[in-house]
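Participant:
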Amino acid sequence: MKKYVSVLILLILTLTYGACGNKEIKGEVKIFIKNQENFTKEKDIEKYMDTISKEQEEYVAEKKSWIRDIKNNNIEDYTLTIEKLKILDVSKVYVKIKQSYRYKEEKYNIVYPLLLVKEKGRWKDGDLNFEEMNTTHFKIKYLKKSKKYAKRIEKVCETAYNNITNRYGESINDCTVIKLYEDEERLRQSVKLSFAWKFAGWYEYPESIKTTKYEEEETYRKILEHELMHKFTISKSNNNMPYWFTEGLAVYFANFQNESKEYSKKSTYLRTYKGLIMNIQEIEKANLEKMKDPKKIANYYDNAGMIVKFMVEQYGIQKVKEIVEILGEFSYKEGTGAEVDEQAIKRFHWILPKVIGINIEALNKEWEKYLYETE
1377 MKKYVSVLIL LILTLTYGAC GNKEIKGEVK IFIKNQENFT KEKDIEKYMD
1427 TISKEQEEYV AEKKSWIRDI KNNNIEDYTL TIEKLKILDV SKVYVKIKQS
1477 YRYKEEKYNI VYPLLLVKEK GRWKDGDLNF EEMNTTHFKI KYLKKSKKYA
1527 KRIEKVCETA YNNITNRYGE SINDCTVIKL YEDEERLRQS VKLSFAWKFA
1577 GWYEYPESIK TTKYEEEETY RKILEHELMH KFTISKSNNN MPYWFTEGLA
1627 VYFANFQNES KEYSKKSTYL RTYKGLIMNI QEIEKANLEK MKDPKKIANY
1677 YDNAGMIVKF MVEQYGIQKV KEIVEILGEF SYKEGTGAEV DEQAIKRFHW
1727 ILPKVIGINI EALNKEWEKY LYETE
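Take the position in the sequence shown, starting the count at 1, then add 1376; the result is the number in our numbering.
Here it is, written out as structure tokens:
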């Protein structure tokens, strides 16, 4: 009888301790989420980054870019609300979070599944509750219900890698992380809350490639080729390329290669974007991230791609690659394209005569002359 009483007491103690332990964890998590909300509202980069797990280099870079965007823009009424909390074990908690904010009089809301992990006795934001699959050159991260889309990426990512390697003539040596989001809005908000429009893919050095759900494998191949060109050239240039030049290289080596030759003809471009075409000095002043008109956004990409095409035809592909290489000799400046663009443009202007023998004003005149010449 005494034996059974002892077992019963032990069971009661275990259940009581477990309930108390769970209550304590839930309390800690609620405080953690409230702190993240407050640090975001206060635009305190240091305190916010102290809530992020240091286990994944790309996630640290992504969150630093994200909170810098908060600091640089008037994001208002930011809130985080816990809709569901599930304790996985003593060091892992799944939290379903509703994120809300207001920007330029527009209100935004999304819900996302966050994984909190305990590191050195403290709770940290460990990114979304991703599953993973691996290929030779990629780690694909996806939410459980998005596995079929991840499988589509898996089928084409190595082809995209080989295509870019062959076209540019050099390879990317490290593993590339791809993150798959449920929709374009969650993708947009994972990048920058201030970004004015939704996009299909994203890459900034040294972050992951980000995309969302698409039905066709070929759509993923094309997105990955564009973003892989960003990864290669941004890292090669030490993050010193002008925004337009970065996009132009990706459009030339990825987008144009996936279209008919007719698409990138000057006559087609002039006909498609009549009244919107920019010279180099104008595209340098344009802010892609603040645009809203779909036609102007499309023109920015193709405009940049056509300028790079002109440079390749006029000066040769090796000279274009040399520009990227020499920009890489400058020191690295932390920040996404729009943040570092002003300094990147100055550096581009400085090295241009050293590589192709003319300054930016002369290059601009040559571009305008080229564009209207008969093909």
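Cβ atoms here follow ideal geometry from the backbone N, Cα and C, with glycine treated the same way. Every value quoted in this text rests on a predicted model; they were computed, and no experiment measured them.
Grab the span of the alpha helix (DSSP H) containing GLN1565 for me, first residue to last.
Facilitator: Where GLN1565 is concerned, the enclosing alpha helix (DSSP H) stretches over 1560-1567.
Participant: What is the DSSP secondary structure of GLU1618, reduced to helix, strand or coil?
Facilitator: Inspection of the sequence shows that residue 1618 is occupied by Pro rather than by Glu. The answer is coil: DSSP assigns PRO1618 none of H, G, I, E or B.
Participant: Find the nearest neighbour of LYS1661 within the set LEU1728, ILE1721 and GLY1397, judged by alpha-carbon distance.
Facilitator: Nearest option by C-alpha distance: ILE1721.
Participant: Can you grab the Cα-Cα spacing for the pair GLU1705 / ASN1614, in whole Å?
Facilitator: Roughly 7 Å separates the two Cα atoms.
Participant: Would you mind sorting ALA1680 into buried or exposed? The rule is 16 or more other CB atoms within 10 Å of its CB.
Facilitator: ALA1680 is buried by the Cβ-count criterion.
Participant: Within 10 Å of its beta-carbon, does ALA1738 have 16 or more other beta-carbons around it, so buried, or fewer, so exposed?
Facilitator: By the neighbour-count rule (16 or more Cβ atoms within 10 Å), ALA1738 is not buried but exposed.
Participant: Pull the bridge partners of LYS1555 from the DSSP assignment, please.
Facilitator: For LYS1555, which the question treats as bridged, DSSP gives the partners LYS1517 and LYS1586.
Participant: Could you work out which residue in ILE1451, LYS1480 and PHE1506 is closest to GLU1418 when comparing CA atoms only?
Facilitator: Among ILE1451, LYS1480 and PHE1506, the Cα nearest to that of GLU1418 belongs to ILE1451.
Participant: Buried or exposed for VAL1716, please, with buried defined as at least 16 other CB atoms from any protein chain shown within 10 angstroms of its CB.
Facilitator: Buried.
Participant: Assuming ILE1732 and LYS1685 make a contact with CB atoms under 8 Å, what is their CB distance in whole Å?
Facilitator: That belief does not hold up - the Cβ atoms of ILE1732 and LYS1685 are roughly 15 Å apart, past 8 Å.
Participant: By Cβ distance, which residues of its chain are closer than 8 Å to MET1425, with the 5 residues on each side in sequence left out?
Facilitator: Cβ within range, chain order: VAL1436, LYS1439, LYS1440 and ILE1443.
Participant: State the DSSP-derived secondary structure class of ILE1463, mapped to helix, strand or coil.
Facilitator: Three-state DSSP puts ILE1463 in a strand.
Participant: How many angstroms separate the CA atom of LEU1625 from the CA atom of GLU1710?
Facilitator: Approximately 21 Å between the Cα atoms of the pair.
Participant: Among LEU1600, LEU1569, GLU1751 and GLU1592, which residue has its Cα nearest to the Cα of SER1584?
Facilitator: Residue LEU1600 is the option with its Cα nearest to SER1584.
Participant: Please check the pair CYS1551 and LYS1515, which I expect to be a contact at CB under 8 Å, by giving their CB distance rounded to whole angstroms.
Facilitator: About 6 Å separates the two Cβ atoms, so the contact holds.
Participant: Going along the chain, which residues of its own chain have a beta-carbon closer than 7 Å to the beta-carbon of LEU1461, five neighbours each way excluded?
Facilitator: So the qualifying residues of the chain are LYS1402, VAL1405, VAL1469 and VAL1471.
Participant: So, is VAL1553 buried or exposed, given that buried needs 16 or more other C-beta atoms within 10 angstroms?
Facilitator: It counts as buried.
Participant: Spell out the partners DSSP gives TYR1477 in its beta bridges.
Facilitator: Its beta-bridge partners are TYR1484.
Participant: Could you check if GLY1577 is buried or exposed, using at least 16 other CB atoms within 10 Å of its CB as the buried criterion?
Facilitator: Result: buried.
Participant: By Cβ distance, which residues of its chain are closer than 8 Å to LYS1672, with the 5 residues on each side in sequence left out?
Facilitator: Result list for LYS1672: LEU1652, in chain order.
Participant: Tell me the DSSP secondary structure of GLU1508 in three-state form.
Facilitator: Residue state, collapsed to three classes: strand.
Participant: Unbroken alpha helix (DSSP H) runs of length 4 or more, entirely within the stretch 1650-1722: which are they?
Facilitator: Segments of the alpha helix (DSSP H) lying fully in the stretch 1650-1722: 1656-1661, 1670-1691 and 1693-1703.
Participant: Using the beta-carbon count (16 or more within 10 Å), is THR1455 buried or exposed?
Facilitator: Exposed, because fewer than 16 other Cβ atoms sit within 10 Å of the Cβ of THR1455.
Participant: Assuming contact is defined by CB atoms lying nearer than 9 Å, are SER1429 and GLY1497 in contact in what I supplied?
Facilitator: Not a contact, by the Cβ cut-off of 9 Å.
Participant: Counting beta carbon pairs with one atom in the stretch 1562-1573 and one in the stretch 1505-1523, are three or more of them shorter than 8 Å?
Facilitator: Because the criterion of three Cβ pairs below 8 Å is not met, the stretch 1505-1523 and the stretch 1562-1573 do not touch.
Participant: Does the beta-carbon distance from GLU1603 to LEU1664 come in below 9 Å?
Facilitator: Cβ atoms of GLU1603 and LEU1664: not closer than 9 Å.
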